Structure formats: C-alpha cells, structure tokens
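Colleague: Going line by line, the protein sequences match chains U and X. For the first sequence, the numbering used here gives the first residue as 24, with consecutive numbering after it. For the second sequence, the numbering used here gives the first residue as 132, with consecutive numbering after it. Glycine included, each C-beta is placed from N, C-alpha and C at the ideal position. For clarity, every value in this text was computed on a predicted model and none was experimentally measured. For reference, the structure I am asking about is given below.
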Amino acid sequence: MEKDKRKIVRTTAWSPGCGSHGGCGFKLEIENGKLVKVEGDECHPWNQGRVCAKGLALTQYVHHPDRVRHPLKRVGARGENKWQQITWEEAFDICEKKLKEIREKYGAESVIFAQGTGRDIGGPITYLCYAYGSPNWVQIGLAGHSCYTPRQGAMFVTNGNYTMADCSQFLEKRYEDPQWVRPNVIINWAQNPINGCFDGFYGHWIVDCMKRGSKLIVIDPRVTWLASRAEIHLQNRPGTDGAIALGMLHVIINEGLYDKEFVDKWCNGFDKLKERVQQYPPEKMAAIAWIKTEDLIRAARLYAQSKPSAIHWGVPIDGNPQGTVVAQAIAHLWSITGNIDIPGGNVIAKAAFGVTTYPFTSQEMADLYGEEMVKKLNELRIGCDRYPMIKGFRGWVQPDVLLEQLETGKPYKVHGAWIQTSNPIGGQAADPKRHLAALQDLDFIVVVDTFHNPTSVALADIFLPAAALSEKESFRNWWWPLTNMVKAVDSGDTKSDWEINLEMANRLTTGPIRFKTVKDLIDDRLKPAGITYDELAKRGSWYAPKDGSSVPYYRYETGMLRRDGKPGFDTPSGKVELYATRYEEWGLDPLPYFVEASESPVSTPELWAKYPLIFASGRRVPVFFHAEHRMIPWLREIVPDPVIEINPQTAKDLGIEDGEWVLAENNHGSAKFKALLTPTAHPKIVSVGHGWWIPEAKPETPGLFDNWEHNCNQLVPMGTQSKSGFGGGAYKTSLCRVVKIGAKDSK
Amino acid sequence: MPRKALMIDYEYCTGCHACEVACKQEHDYPVGKGGIHMNEIMTTLPNGRLRIDYIPFPTAYCDLCAVRTKKKGETTACAKHCQAQVISYDTVAELAKIMENKAHAVMFTPK
Ligand code: SF4
Ligand code: SF4
Ligand code: SF4
C-alpha cells in the first residue's frame with residue numbers, strides 16, 4: 024500500500040484517547056503514517072468543529088513513551104512490576120488455557136468481566152463475557168453501581184425510555200432546525216457539564232442554549248461557573264437532591280402549575296403522587312437541603328411556568344441514598360409539567376436506526392443474545408438473588424454484593440477476572456484497599472489497557488495492550504447520530520478491544536463462531552441502518568436518520584415509542600407511570616420518598632461532631648477523565664496536583680493556607696490533597712478530584728504510583744447501596760475532617 | 132492590511148482550557164510555554180452572590196496563528212476550538228462593531 028505523505032481521516036472520538044464519553048467528530052491529520060494533529064469536524068452535528076482540551080492533546084496520548092505496546096506476562100510476584108514481553112499468540116494461548124481450566128473446574132460464572140465507565144468497551148466486554156458463558160459483567164467497586172444505570176432505570180420505569188435535555192442533538196441541522204425550540208429554562212442538576220461530555224451529552228450544548236436565551240436554575244453544592252450565571256442557584260447539601268425534587272413536586276402540584284391536560288391523558292397515578300408529596304412541604308425540604316425555602320419555591324415555579332423547560336443532570340443523582348428513587352422524583356418533574364418529548368423539553372433518546380452498540384436495557388440484551396440466554400444468565404448473576412431490579416434491568420452485577428462474594432466465596436467463589444479499560448484500584452472502587460485484598464485471592468487476572476496503572480501493577484497476570492481511538496475500527500451509537508471509528512494509523516503491536524475480545528470469544532465460545540473479523544461483526548450490528556462499516560466511514564463516519572423512531576418529537580402520539588406501534592409510552596400501562604408498577608413488581612415503593620444517607624449530619628450526629636465536613640469526591644476538571652490523563656504533559660500542566668476545595672473561612676478556622684498539603688480523614692480512611700481555598704466551596708463541604716494516582720511515582724507495591732497517598736475513595740465505604748441495588752454509593756456524602764500536615768511543598 | 136485581533140465574549144467563557152491546549156497543539160509549544168492563558172476572576176456582587184469570570188489572555192507567544200490564518204485562510208486554533216465559541220478573530224474594526232452588542236467583551240491585539 025502506498026503511503027500518503029499527508030492525509031486527513033474523519034472519525035469519531037470514543038476512548039481510549041480523549042477518554043470521555045465521546046461522540047466528537049474528529050479530522051485526524053496523518054503524516055507519513057503518524058498522527059500529527061487533531062481537528063474538529065465542522066460538518067459533524069455533535070461537536071460542530073470544536074474539540075475539548077483532552078481531545079486536542081490526543082497526539083501526546085497516542086505517542087506517549089509510557090504506553091504499553093506489547094503483551095506482557097507477569098514474572099515477579101503480583102505488585103512487583105516485573106514483566107516479560109510475549110507475543111499475542113502466546114498471550115491468547117495462556118488466557119485461553121487458564122480461562123478454560125477455570126470454567127471446567129468451577130463454572131463460567133466464576134470469572135468476572137469488568138469494564139470502567141461506559142465507552143467503547145461496553146460492546147466488546149459483554150460479547151466476550153457471554154461467549155465465555157459468564158453472567159458477570161461488572162464495574163468493580165462502583166458502590167451501588169452509582170453511575171448512569173440508576174437514572175436510566177428510573178426513567179425506564181417512569182417514561183419507558185431515556186430522556187435528555189433537548190439541545191437539538193437529535194436534529195442534523197441542530198440549532199438551525201426550525202422544529203427546535205430553545206428551552207426557556209434549563210435546570211442544571213448536580214453536574215458541571217462544561218468539563219466534558221458526560222453521559223454522552225456534550226456539556227457546552229448548555230452554553231449554546233444560554234447564548235440563545237435559555238435561563239438557568241443550578242442545583243449544585245459548589246458555586247460553579249454555571250451557578251454564577253444562573254437565575255437561581257440552590258447550593259444544597261450533597262445527598263439531598265431527593266428532598267429538593269419532592270419539595271418542587273409539592274409546589275408544582277399544590278399550586279396547580281402542572282400540565283393538567285397532559286397528566287389526564289398520558290400519566291397514571293397522579294392522585295397517589297399528589298397524596299405522597301403532601302409529606303414533603305418545601306419548608307421542610309429546604310431545611311433538609313440547607314437552602315432557603317423561597318429559593319426552592321421560586322425554582323419550582325420558574326421551571327413549571329417557563330415551558331418548554333428542560334432538566335439536565337449528572338452522576339451525583341445516582342449516589343443519593345436511594346438513587347433510583349431520587350431519579351424517579353426528578354423524572355416526575357418533567358413528566359407532570361408535560362415537558363417530555365417536546366421541543367426544548369426533555370426529549371426521548373432512542374438509538375439512531377435502532378442500532379445497538381451494547382445493551383442499555385434488558386430488552387436490548389434479549390434482542391442481541393436471545394431471551395433464553397438472558398434468563399440463564401440471570402440465574403447466576405451476582406446480586407440477582409437479592410435485588411429484583413438488578414435482575415430485571417440490564418445485565419450488571421451488583422458491585423457491593425460482588426465484594427462480599429469475593430471475600431466469603433458465597434454463594435460461589437470467584438476465581439478469575441478479565442479487567443478491561445478499567446482501573447478500579449486507582450479509580451472507581453470505593454474502599455480500594457478492601458478490593459485489592461479481595462482480588463488478590465483470584466487465580467487468574469487479565470488486564471487490558473493502554474498504560475500501566477495501580478490495578479495492572481497490583482493484580483495483572485497478563486497485560487494486553489489496547490489500541491487508541493485513532494488506531495482502531497469500531498462503532499458508536501450512544502443515541503445519535505450513528506458513528507464509527509476508523510483506523511487512521513497502524514496500531515503496531517497493540518490491538519483494539521474489539522479485536523482482542525472477538526479473538527478470545529472465538530477461542531472460548533461453546534457455540535458457533537459467528538464472525539471472523541471485527542468488520543463482519545460491526546456490519547451485522549449495523550444492519551438495521553442499512554449501511555456497512557465501510558459505507559459509514561465513507562460518509563465521514565457519521566449518519567443521521569431523517570425519520571424513524573429516533574427522530575423527535577411527540578412520539579407518544581405517533582406510536583413511535585412502543586414495539587406494538589400503539590400511541591403511548593413504552594411502559595406496562597402505556598402511560599407515564601407516576602405510580603411505578605415496575606418498581607412495585609420489584610418489591611420497591613412505587614412512589615418517591617426521601618431518606619437520609621446512612622452517614623450524615625442528620626443520621627449520625629456523633630460522627631458529624633467528630634468529622635464536621637461533608638466529603639464530596641468526584642470533582643471534575645476539564646483536562647482529565649476519571650483516573651486517566653495524569654501522564655499527558657499538556658493536561659497535567661493545567662492541573663498538576665490533587666486538590667481539595669475548602670471555603671476560605673473554614674480553612675482559616677483550621678489554620679490551613681492556600682496551596683498547603685492537608686490530610687482528609689474519616690472513619691473509613693484518609694488521603695492527601697493540596698488545599699485550594701475558594702469562595703466557591705460551601706463552608707461545610709469539601710470537594711476533591713478522584714482518580715489521582717501519580718504516573719511518575721513508583722509503580723510497585725506498596726506505593727502503586729502513590730495511590731494510597733491520594734486515592735480519595737479510601738474515605739468512601741462499600742455497602743451503602745439503595746434498596747433497589749442501584750444507587751446509594753456514598754461518593755458525595757461521606758463525612759470527614761481536614762488536618763494540616765505541613766509545609767507548602769512537602770507531601 | 133488592517134490590524135487583526137481577538138475578541139473574547141467573557142459573558143460565556145467557561146474556563147474550560149481548550150483554547151490553551153488548541154494553541155499548544157497548533158504551535159507544538161512545550162509545557163511552560165503557551166500562546167494563551169486563561170484567568171479566573173471572582174467578584175462578590177452587591178446582592179452577595181459570587182460572579183465568576185474567565186478571561187483567556189493572549190501572551191507574548193500568540194502570533195495570531197500566522198501560518199493557519201495567512202497561509203490556510205482559516206480562523207485561529209483557539210477560536211475554532213473554543214468550547215463556548217466566545218473567541219472571534221477578525222479586524223479590529225469588525226470586532227469593535229460586534230462588541231457594541233455584547234454584555235461583556237474584551238478585545239486583544241497581540242503582535
Ligand atoms: S468532548 Fe468528549 S469526545 Fe469530544 S474531544 Fe472531549 S472528551 Fe473527546
Ligand atoms: S490566536 Fe493562535 S497563537 Fe494566538 S492564542 Fe489563539 S491559538 Fe494561540
Ligand atoms: S476555550 Fe473558550 S470557553 Fe474555554 S477557556 Fe478558552 S475561551 Fe473560555
């Protein structure tokens with residue numbers, strides 16, 4: 024093949040590389056077979072030419088000297104960081120042999136298949152997991168599985184589908200499309216979206232709407248930039264989002280501000296909801312949330328009286344004590360005001376052309392793998408016996424139950440782990456030391472990643488190097504439009520997640536081999552769109568449907584939401600279920616309610632006396648995603664250290680100066696941070712970033728890249744999951760105290 | 132040639148740092164050197180609320196993307212990638228006209 028000296032390749036961003044939840048159209052500039060520059064694709068409706076800081080640093084990620092570029096076999100003890108380079112054939116052979124041995128001896132369920140946050144990994148990891156025959160697809164250590172799925176589940180039971188604040192993202196012409204109406208008001212709830220593209224939502228779409236006149240209500244414990252631009256800012260106590268939602272429902276219902284016609288025609292259970300919310304008057308809810316009653320009331324009125332208005336939210340909702348209940352209450356807000364699937368409201372998100380990248384609902388799982396298979400998997404999936412919602416919604420293992428099972432070996436022992444694009448020990452796992460101890464017992468662990476990290480060094484027996492986004496063929500259909508990733512440069516001796524997992528699946532499957540190449544597999548998944556991988560690439564790597572069920576609006580009237588083609592919502596009753604019959608079926612309260620976190624100023628006053636600050640982890644910055652990117656010079660330069668945001672008065676009382684190293688500690692553990700004194704912090708709440716391990720520090724145990732110095736999840740316990748099994752991870756609600764540890768520049 | 136400049140609509144600058152990295156990529160600037168530096172300014176308003184403003188400042192290393200703008204006729208790297216689309220590159224006269232209608236804006240004339 025003749026090498027072009029310089030060429031432009033249009034592709035889609037979805038990890039590894041810029042890392043985040045992705046969707047940007049990229050124009051990659053390739054010179055002599057090497058990636059030299061990233062530009063945004065102006066024609067792409069998703070990002071319209073822009074690329075964020077992480078994407079613009081892609082060349083430094085792809086060409087990074089520390090990237091692992093060949094398969095490795097551990098030669099020392101786990102944690103010694105001693106490796107031997109092996110070939111892919113050797114690596115695949117070892118994995119095949121070990122995994123077959125474990126399956127024969129203990130059953131396929133005794134191997135868990137772990138991913139990190141939802142990205143390009145969801146497709147390949149589930150494909151391999153199910154081909155091997157294990158039901159155990161998991162995010163290790165994600166307490167309460169408190170990310171996305173709780174909200175998704177609540178919307179599924181209430182609205183029958185996922186919804187998003189309508190920023191015209193389902194229209195090819197975007198803001199220019201005459202069908203679109205800008206939301207008059209957007210509630211930006213528990214997220215700072217300007218930091219990236221969380222949950223597949225390009226954060227700056229909110230700013231695009233503001234520039235077109237949308238007003239904001241911001242609900243956030245911190246004074247973010249968005250909060251400083253909001254009409255109303257509710258600076259609430261973490262873990263009280265449910266109280267605010269119930270208080271707002273109280274106002275909207277009792278003052279008659281809801282959409283009566285919509286409620287009569289399209290909702291069930293309104294009277295029961297009305298009765299329930301009487302327990303939650305705004306005065307009481309505001310006091311719980313540490314906000315002013317009049318602000319709560321004003322927010323409720325402004326939202327309800329500004330139709331169309333939209334709600335955009337983030338992962339802290341899931342971490343509320345009863346995450347699925349809080350999400351349900353918030354879904355009721357857009358439901359009773361009739362702000363659902365209307366222009367400028369909360370628009371229903373459906374995958375373009377119905378193409379599935381990886382299963383987002385149980386129905387999609389059944390469509391991909393068959394009803395029988397799903398039933399079989401659910402019998403042994405970890406957590407299914409205890410939590411009907413875990414069994415009834417999607418295919419995840421319940422992570423808190425997994426940890427117990429790792430420790431007790433009951434009801435069955437886990438023997439192996441395939442950990443791919445995930446660094447639980449340095450990232451998402453709450454109580455990471457407990458996880459490390461529990462995982463060390465396993466017979467065989469594979470880690471697939473791009474760089475070594477605390478998890479790979481501590482645990483991997485085999486390390487498989489993954490290709491970056493510019494080096495692989497894949498596809499993405501996280502709603503809209505349908506996109507793919509093109510192999511713009513050679514991947515060297517690395518392989519894509521899909522390549523690795525297809526090869527392993529074909530070696531391990533007990534059924535027929537369906538696909539020889541990744542392209543065959545993608546072509547099969549793309550069939551509903553009537554397009555092949557190559558054709559999609561030729562179109563510039565994106566394809567937007569002109570009509571069909573993924574194109575808004577008012578689809579509950581046209582019958583586009585239900586499989587039977589009847590008008591209505593895709594719920595058992597065909598209505599928006601304010602009274603959730605699916606929750607009832609799962610043994611849960613069908614109506615929303617409020618509970619305190621298990622550790623909080625209210626529920627544990629004695630602990631609060633000792634640890635008088637709320638420890639909110641997971642503070643995002645625009646230059647890192649989770650536990651990634653600390654080794655990228657252009658990004659690390661912007662945020663060099665793990666910081667803790669402290670209100671200046673609080674810091675003064677503690678004798679802490681700006682830039683000084685401090686220790687945050689509580690009944691669960693401790694970690695070190697650099698104090699950042701800022702009036703954006705509430706006097707009683709400190710915020711820290713997560714995922715801080717130091718790539719330039721010593722890799723081997725015990726240090727693991729200074730993981731135990733800075734990993735904030737040491738202060739977060741496991742075992743606080745919601746009654747549904749989804750939600751409740753105390754990532755934002757632990758208590759702590761902050762103490763001085765010394766001079767400015769020492770650690 | 133009329134003088135060219137950058138205008139920042141700082142009512143909407145979110146402080147996302149994309150302009151900084153865009154500039155670094157464009158010029159292959161190493162750590163410690165950059166054509167634009169984002170600043171944070173906090174003001175307590177008379178009503179007690181905090182106002183946060185972000186203003187990127189083009190440094191001595193800003194060459195208004197000479198190669199890109201002159202040879203290729205494109206806009207500057209920072210303007211193209213600005214996440215909030217608040218950076219405009221044009222002549223001083225044109226930008227001054229746009230500024231008339233902005234709530235908050237500032238013009239920089241790097242050389
Ligand atoms: S916005 Fe998301 S997809 Fe786009 S470059 Fe940034 S991280 Fe990547
Ligand atoms: S105009 Fe070009 S050189 Fe100047 S700050 Fe922007 S990107 Fe950098
Ligand atoms: S890219 Fe734009 S929004 Fe972001 S900091 Fe720079 S000027 Fe501000």
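1. Spell out a yes or no on whether the segment 290-305 of chain U and the segment 332-348 of chain U are touching, meaning 3 or more CB-CB pairs, one atom from each, closer than 8 Å.
2. Indicate whether at least one CB of chain X lies closer than 9 Å to the CB of U/Pro-645.
3. Excluding the five sequence neighbours on either side, which residues of its own chain have a C-beta within less than 6 Å of the C-beta of X/Met-238, listed in chain order?
4. Please give the ranges of any beta strand (DSSP E) in the segment 206-234 of chain X, keeping only runs that are unbroken, at least 3 residues long and fully inside the region.
5. Do we get a CB-CB distance below 9 Å when we pair X/Pro-161 with the residues of chain U?
6. With contact counted as at least three CB pairs below 8 Å, one residue from each stretch, are the segment 525-536 of chain U and the segment 503-516 of chain U in contact?
7. Would you list the one or two residues that DSSP bridges to X/Met-138?
8. Indicate whether at least one CB of chain X lies closer than 9 Å to the CB of U/Asp-768.
9. Expressed to the nearest angstrom, what Euclidean distance is found between the alpha-carbon atoms of U/Ala-309 and U/Cys-118?
10. Would you report the Cα separation of U/Ala-704 and U/Gln-672, rounded to the nearest angstrom?
11. Residue range of the alpha helix (DSSP H) that X/His-158 falls in?
12. With U/Tyr-150 as the anchor, note down where its alpha helix (DSSP H) starts and where it stops.
13. Report all residues from its chain with a CB closer than 7 Å to the CB of U/Arg-321; omit the five preceding and five following residues, and keep chain order.
14. If you run the structure through DSSP and keep just helix, strand and coil, what is U/Glu-25?
15. If you measure between the beta carbons of U/Ser-747 and U/Gly-346, is that distance less than 9 Å?
16. Report all residues from its chain with a CB closer than 6 Å to the CB of U/Asn-468; omit the five preceding and five following residues, and keep chain order.
17. Here's the rule: buried if 16 or more other CB atoms are within 10 angstroms of the residue's CB, otherwise exposed. What is X/Asn-170?
18. In terms of alpha-carbon separation, which member of X/Lys-202, X/His-148 and X/Ser-219 lies closest to U/Leu-658?
19. Give me the Cα-Cα distance between X/Cys-196 and U/Pro-305, rounded to the nearest whole angstrom.
20. Please list, in chain order, the chain X residues whose beta carbon lies closer than 8 Å to that of U/Met-233.
21. Quick check: is the beta carbon of X/Cys-196 nearer than 9 Å to any beta carbon in chain U?
22. Are there 16 or more other CB atoms within 10 angstroms of the CB of U/Asp-854, so buried, or fewer, so exposed?
23. Does any heavy atom of ligand 4 sit closer than 8 Å to the C-beta of U/Lys-675?
24. Taking only heavy atoms of ligand 2 into account, decide whether any of them is closer than 8 Å to the Cβ of U/Gly-156.
25. For the alpha helix (DSSP H) that contains U/Asp-89, what are its first and last residues?
26. Would you say U/Arg-73 faces chain X, with C-beta separation under 9 Å as the test?
27. How should X/Leu-176 be labelled, buried or exposed, when 16 other C-beta atoms within 10 angstroms of its C-beta is the threshold for buried?
28. Taking DSSP as the reference, what is the three-state secondary structure of X/Cys-193?
29. Is DSSP giving U/Met-308 helix, strand or coil here?
30. Only counting runs of 3 or more residues, tell me where the beta strand (DSSP E) segments fall wholly within the segment 535-619 of chain U, in order along the chain.
31. Measure from the C-beta of X/Tyr-185 to each C-beta in chain U and report whether the shortest distance is under 9 Å.
32. Less than 9 Å between the C-beta atoms of X/Tyr-192 and X/Thr-206, yes or no?
33. At a CB distance below 7 Å, what residues from the segment 246-270 of chain U approach chain X? Give them in sequence order.
34. At a Cβ threshold of 9 Å, is U/Lys-28 touching chain X?
35. Using the Cα positions of U/Glu-526 and U/Glu-132, report the straight-line distance between them to the nearest angstrom.
36. Return yes when the Cβ of U/Ala-76 is within less than 9 Å of the Cβ of U/Val-646, no when it is not.
Modeller: Answer, in terms of the structure:
1. No: fewer than three Cβ pairs fall under 8 Å.
2. Chain X has a Cβ within less than 9 Å of the Cβ of U/Pro-645.
3. Around X/Met-238: Ala-136, Met-138 and Leu-226.
4. Fully enclosed beta strand (DSSP E) runs of 3 or longer: 218-222.
5. Yes, X/Pro-161 lies at the interface with chain U (some Cβ there is under 9 Å from its Cβ).
6. Verdict: no, contact absent.
7. Note: X/Met-138 sits in a beta bridge opposite X/Ser-219 and X/Met-238.
8. Summary for U/Asp-768: the model assigns pLDDT 48, below 50, so the residue's position carries little reliability; its value from the coordinates is reported in the next sentence. No, no contact with chain X.
9. Cα atoms of U/Ala-309 and U/Cys-118: separation of roughly 55 Å, rounded to the nearest angstrom.
10. Annotation: U/Ala-704 to U/Gln-672 spans about 10 Å, alpha carbon to alpha carbon.
11. That run of the alpha helix (DSSP H) goes 149-158.
12. Counting along the chain, U/Tyr-150 sits inside the alpha helix (DSSP H) bounded by residues 145-155.
13. So the list reads Ile-255, once near-sequence residues are dropped.
14. Because the pLDDT at U/Glu-25 is just 48, under 50, the model does not fix this residue reliably, and the value given afterwards should be weighed accordingly. Looking at U/Glu-25 - three-state DSSP - the assignment turns out to be coil, as it is neither helix nor strand.
15. Yes; because the gap between Cβ atoms is below 9 Å, this pair is in contact.
16. Residue identity differs from the one stated: residue 468 of chain U is Ile in this sequence, not Asn. Counting only Cβ-Cβ distances below 6 Å, and skipping sequence neighbours, we find Ala-440, Leu-482, Ala-483 and Asp-484.
17. Burial call: exposed.
18. Ranked by Cα distance from U/Leu-658, the first of X/Lys-202, X/His-148 and X/Ser-219 is X/His-148.
19. X/Cys-196 and U/Pro-305 have their alpha carbons spaced roughly 54 Å apart.
20. Within chain X, the C-beta atoms nearer than 8 Å to that of U/Met-233 come from Tyr-143, in chain order.
21. No, because no Cβ of chain U sits closer than 9 Å to the Cβ of X/Cys-196.
22. Since the displayed chain U opens at 24 and closes at 770, residue 854 of chain U lies outside it and no answer follows.
23. Here the bound small molecules are ligand 1, ligand 2 and ligand 3; ligand 4 is not part of this structure.
24. Checking the Cβ of U/Gly-156 against ligand 2 gives no.
25. DSSP places U/Asp-89 outside any alpha helix (DSSP H), giving it a letter other than H or E.
26. Interface residue, yes.
27. Answer is exposed; the Cβ neighbour count stays below 16.
28. Correct three-state label for X/Cys-193: coil.
29. In the structure shown, U/Met-308 falls within a helical segment according to DSSP collapsed to helix, strand and coil.
30. As far as the segment 535-619 of chain U is concerned, it has no whole beta strand (DSSP E) run of at least 3 residues.
31. For X/Tyr-185, the closest Cβ of chain U is nearer than 9 Å.
32. Here X/Tyr-192 is not near X/Thr-206, since their CB atoms are 9 Å or more apart.
33. Of all residues in the segment 246-270 of chain U, those with a C-beta nearer than 7 Å to a C-beta of chain X are Val-246, Trp-248 and Ser-251, reading in chain order.
34. Not a single CB atom of chain X sits nearer than 9 Å to the CB of U/Lys-28.
35. Looking at the two C-alpha atoms, the distance is approximately 20 Å.
36. Taking 9 Å as the cut-off, the Cβ atoms of U/Val-646 and U/Ala-76 count as close.
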